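Note that the numbering used here has the sequence shown beginning at 345, numbered continuously upward. One structure below.
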Amino acid sequence: MFPYVRHRADYIGLDGNPDFVQSNILLKGAERHFLQVDLRQPVRLSNWEGPVKADLICSFEVLEHIPEEYAGTVIDSIRAHAHPRTRVYLTVSLKHRLMDDGHVTVKSRPWWTAKFKSHGFVPCDDSHDMIGQMFTNHPFNWRPFSTHAFYLRPE
Numbered sequence: 345m346f347p348y349v350r351h352r353a354d355y356i357g358l359d360g361n362p363d364f365v366q367s368n369i370l371l372k373g374a375e376r377h378f379l380q381v382d383l384r385q386p387v388r389l390s391n392w393e394g395p396v397k398a399d400l401i402c403s404f405e406v407l408e409h410i411p412e413e414y415a416g417t418v419i420d421s422i423r424a425h426a427h428p429r430t431r432v433y434l435t436v437s438l439k440h441r442l443m444d445d446g447h448v449t450v451k452s453r454p455w456w457t458a459k460f461k462s463h464g465f466v467p468c469d470d471s472h473d474m475i476g477q478m479f480t481n482h483p484f485n486w487r488p489f490s491t492h493a494f495y496l497r498p499e
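Here it is in structure tokens:
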């Protein structure tokens with residue numbers, strides 16, 4: 345289950361798929377926290393205090409659906425909402441599946457690591473431990489052989 349939903353944390357969800365939030369039973373009742381956006385365009389959230397910065401940013405099962413030429417835009421959008429102590433959890437599929445699942449950017453771990461670095465993110469010191477926990481305690485089908493997991497911080 346999404347822990348930030350279950351524990352009533354202050355959060356904003358962004359989604360490029362208009363059907364995801366409505367069709368996901370885990371998000372029932374949390375629809376007001378989600379905004380549908382075009383992830384190919386820069387996203388800059390603000391409120392009465394100015395630009396919104398987040399302590400934790402999660403992007404699960406998203407980047408492989410973004411055409412390669414827009415991957416940097418999505419990462420820059422994430423970076424725009426990070427402060428120096430922000431932590432970022434990301435997963436990216438490393439497989440094309442048999443059905444048409446929209447996995448258009450399936451790249452190696454070194455490719456993604458370089459892409460994140462070129463946009464100002466590096467692995468956290470405890471990245472290995474956190475990724476291990478992510479693969480052990482998760483609500484999805486993430487496995488090391490099918491999914492890259494990243495735990496990052498601003499450089």
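Quick reminder that beta carbons are idealized off the backbone N, C-alpha and C, glycines included. Note that the coordinates shown come from a computational prediction; the quantities given were computed from them, not determined experimentally.
Going by DSSP, what residue range makes up the alpha helix (DSSP H) through residue i?
i, result
"G357", "Here G357 belongs to no alpha helix (DSSP H); instead the beta strand (DSSP E) covers 357 to 359."
"A374", "Taken as a continuous stretch (DSSP letters only), A374 belongs to no alpha helix (DSSP H), as it is neither H nor E."
Under 8 Å by Cβ, that's how I've got residue i and residue j pegged, so tell me the actual separation to the nearest angstrom.
i, j, result
"F465", "V436", "With a Cβ gap of about 13 Å, F465 and V436 do not count as contacting."
"E408", "H447", "5 Å"
"H492", "L438", "5 Å"
Out of curiosity, what's the CA-to-CA distance linking residue i and residue j?
i, j, result
"W456", "I410", "13 Å"
"L358", "A374", "12 Å"
How is the beta strand (DSSP E) around residue i delimited, first residue to last?
i, result
"P467", "465 to 467"
"V450", "That residue, V450, is in no beta strand (DSSP E); it is neither H nor E in DSSP."
"F494", "491 to 498"
Would you call residue i buried or exposed, if buried means 16 or more other Cβ atoms sit within 10 Å of its Cβ?
i, result
"F494", "buried"
"E412", "exposed"
"L496", "buried"
"E499", "exposed"
Regarding residue i and the ligand ZN, is the C-beta to nearest heavy atom distance less than 6 Å?
i, result
"H377", "Summarising the ligand content, the structure contains no ligands, and the ligand ZN is consequently not present."
| said: If contact is defined by three or more beta carbon pairs under 8 Å, each pair taking one atom from either stretch, is the region 460 to 477 in contact with the region 378 to 391? | reply: Touching, no.
| query | Is there contact between the region 386 to 393 and the region 413 to 424, where contact requires at least three CB pairs shorter than 8 Å? | reply | Below 8 Å, enough C-beta pairs join the region 386 to 393 and the region 413 to 424 to call them touching: three or more.
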